[in-house]
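K.L.:
Heads up, the final residue of the sequence shown is numbered 380 in our numbering, and it's a clean run with no missing numbers.
Can you read through this structure? Questions will come right after.
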Amino acid sequence: MSQHPQTNAIRIQTERTNEMEHSTPMFLTSSFCFDNAEDMRAAFADESDDNIYSRFSNPGVQEFIDKMCALEGAEAGFATASGMSAVFGSFMALLKQGDHLLSCNAIFGSTHTVIAKYLPKFGISHSYISADANEAAWEAAIRPETKMIYLETPTNPGLDVLDLDMIGRVAKKHSVILNVDNCFATPLNQQPIAFGADLVVHSATKWLDGQGRVLGGVIVGKKELIKEIYLFCRSTGPSLSPFNAWVLSKSLETLDVRMERHSANALFIAESLEKHPKIASLRYPFLASHPQVAIAKKQMKNGGGVVCFDLAGGLESGRRFLNNLQMLSVTANLGDTRSIASHPASTTHAKLTEEERQLVNITPGLIRISVGLEHKEDILNDILQALEKN
């Protein structure tokens, strides 16, 4: 019987054991046994799907992967220890010396470090393109050696929205792998594969977990690409722990209802703060004032759970705002049930030069709010009192 992906995120489950448990148990084991030598030989020869070692595969990890594939509409997937290991694994498994990576310039700080500092050590070149580039600019940026396009949408932290349909056309025309970080939107709000993406990566640490408990990452997409990623990660070891997989798999069962509340709260916060006199500018993908609101509404179910705004007072104003907060958490994470505030210029994107930050609209006074599940008035009141003292 065909079922909705949101139902599959709840009902996909590892085969029950003889104990007839209703909730999937944790398979906390490093290795798996075989009935005989021939079965073990066949497993190592990839002639069967039997589990060998939890660095390769694990029933609980596979349950999480299967749920993510259902939500993203993907053929296959592989789960990793963190979001950054998912990003790095997707690069290193599919790029080689002499290849070129074309990336949107508005990306997470650690991803920028991997692209700019570490990929060149393996002979992989890169170039950046503006988040607001049109189709002609994307076409012009493709080189003969371009193997992959990488992007985030919405971007972290500036909330630029890239046109997946347009970039998907460019990638397909030039036979280039389109690799999309869908962390901010989640598969409940956006499915990049439907717009032409070949791979989708997530930091499962964020909205997918939703309570700030565990690290995790996942890559889903075309089966032939995932096979190469699996072989790379199987050998290099960035596998997801069975315990974290169990937590994340259970978290997906509530992702739909959580994201509805996160997004509704975020829209309320954005609308309430947009005209505040101490805020120079504010961005949220579903506000009419967002420069790519039409694209956002074309490819997203709602605007997601992140709001960002610029304080006119600059760097010190941003720091003071964080210090003035009473309820919101000041921490290096997002996607939690609890609302979180951060100051990217002095933290996650501090290693970028001032020029690089300006190119991706990370101003000295930029504040990123990960809007939680608290009552919307309480979230707003804490932000307002912090602004009043600023």
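Note that beta-carbon positions come from the ideal geometry of N, C-alpha and C, so glycine has one too.
As the structure is a computational prediction, the values presented were derived from the model and not from experiment.
Could you give the distance in angstroms between the alpha-carbon of L277 and the alpha-carbon of T244?
P.N.:
26 Å
K.L.:
To which residues of the same chain is M74 closer than 8 Å at the C-beta, ignoring the five residues directly before and after it?
P.N.:
S100, T101, V104, S193, G207
K.L.:
To the nearest angstrom, report how far apart V283 and E214 are at their CA atoms.
P.N.:
34 Å
K.L.:
So is F233 buried or exposed if we call it buried at 16+ other beta carbons inside 10 Å?
P.N.:
exposed
K.L.:
Three or more beta-carbon pairs under 8 Å between the region 90 to 98 and the region 124 to 136, yes or no?
P.N.:
yes
K.L.:
Give the range of the alpha helix (DSSP H) segment to which A69 is assigned.
P.N.:
Run containing A69: none in the alpha helix (DSSP H); it sits in the beta strand (DSSP E), 66 to 70.
K.L.:
Could you tell me whether the region 302 to 315 touches the region 158 to 168, where touching means 3 or more Cβ pairs closer than 8 Å?
P.N.:
no
K.L.:
Tell me, to the nearest whole angstrom, how far the beta carbon of D122 is from that of D155; I am working on the premise that it is less than 8 Å.
P.N.:
Going by Cβ atoms, the distance from D122 to D155 rounds to 16 Å, so no, they are not a contact pair.
K.L.:
DSSP beta-bridge partners for E142?
P.N.:
D171
K.L.:
Express the C-alpha separation of N380 and R159 in angstroms, rounding to a whole number.
P.N.:
46 Å
K.L.:
Give me the Cα-Cα distance between G338 and F98, rounded to the nearest whole angstrom.
P.N.:
For the sequence presented, residue 338 should be read as Thr rather than Gly. In a straight line, the C-alpha of T338 is about 8 Å away from that of F98.
K.L.:
How is R248 classed by DSSP in three states: helix, strand or coil?
P.N.:
The answer is helix: DSSP assigns R248 an H, G or I state.
K.L.:
Which partner residues of I269 appear in the DSSP bridge assignment?
P.N.:
L301
K.L.:
Which residue from I269, D153, D29, A175 puts its Cα closest to that of A126?
P.N.:
D153
K.L.:
Can you grab the Cα-Cα spacing for the pair A331 / S72, in whole Å?
P.N.:
21 Å
K.L.:
Since E62 contacts V210 with CB under 8 Å, what's their CB separation in whole angstroms?
P.N.:
Right, their Cβ atoms sit about 5 Å apart.
K.L.:
Take the Cβ of N172 as the centre, count every other Cβ of all protein chains shown within 10 Å, and call the residue buried at 16 or more, exposed below.
P.N.:
buried
K.L.:
Label Y140 either buried or exposed according to how many other C-beta atoms from any shown protein chain fall within 10 Å of its C-beta, with 16 as the threshold for buried.
P.N.:
buried
K.L.:
Does F112 pass the burial test, meaning 16 or more other C-beta atoms within 10 Å, or should it be called exposed?
P.N.:
exposed
K.L.:
Which residue wins for smallest C-alpha separation from L84, given the options Q181, A33, E218?
P.N.:
E218
K.L.:
So, do the region -8 to 2 and the region 242 to 258 have three or more beta carbon pairs nearer to each other than 8 Å?
P.N.:
Touching, yes.
K.L.:
If I follow the unbroken beta strand (DSSP E) through L370, where does it start and stop?
P.N.:
Note, L370: premise wrong, no beta strand (DSSP E); alpha helix (DSSP H) at 366 to 379.
K.L.:
Between which two residues does the alpha helix (DSSP H) holding V77 run?
P.N.:
73 to 82
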